[in-house]
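The numbering used here puts the first residue of the sequence shown at 43, with every later residue one more than the last. Cβ coordinates follow ideal geometry from the N, Cα and C atoms, glycine included. What you are looking at is a predicted structure, and each value in this text was computed from that prediction instead of being measured.
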Amino acid sequence: MRPHQIFSAMSPDKCERVMGRIAEEAPEVFRQTVASAAAALKFRPQYLMKQPMPKRVASIRRALARPGSDPLAEELLAIYFLKCRLDLLTEWLDLMELDHEDGMLTADETPCPEASELEEKVARFRRGKDEDCDLLLRVFAGQTAINWPALDEILARSDA
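Here you go:
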């Protein structure tokens, strides 16, 4: 699932919660996102900034759900986990035994683990019952730097 598809599939409530956290913990990023969304939707940024948060987030979600918005959507989701949910991100990276510094992968390549091992670790990660577990797995799988077909398959099965 590509980053724009993640936003397209995301519920309005979840998107509002994610954007609310970004607005609180990375306000400059949120302002830049509003400006980019406004440009994509052919709005003036000032108009969008003056809208109530639910309407503003709905417009951002609409803009990020477009296929051409993948780079911005990927960056925004990365910022969400690096700034707002670092605890969950590091839990996943540690479980997968991936070298990282504060959530940023340090290796140039991240080879896909064996399917059975990956399936067991994904199940263990999901047992934590955090509301962002599935979102993190989809964001991780959707990164351009990650090519883990086994994870894509696990996520596709859970969608069915």
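Separation of the CB atoms of R59 and V76 is rounded to 17 Å, and the pair is thereby denied contact status at 8 Å. Closest in alpha carbon position to L130, among H46, F182, Q47, A51, is F182. For I48, the enclosing alpha helix (DSSP H) covers residues 45–51. L178 and H46 have their alpha carbons spaced roughly 14 Å apart. Contact between the stretch 138–146 and the stretch 61–75 is absent, with fewer than three C-beta pairs closer than 8 Å. Per DSSP, F123 lies in no alpha helix (DSSP H) and is assigned neither H nor E. Look at L147 here: in three-state DSSP terms it is strand. The beta carbons of K125 and E162 sit no closer together than 9 Å. Each of T152, L193, Q93 was checked against the Cα of E159, and the nearest Cα belongs to L193. Around the Cβ of D150, a 10 Å sphere holds fewer than 16 other Cβ atoms; the residue is exposed.
Counting along the chain, R98 sits inside the alpha helix (DSSP H) bounded by residues 95–106. Taking the CA atoms as reference points, A81 sits about 7 Å from P87.
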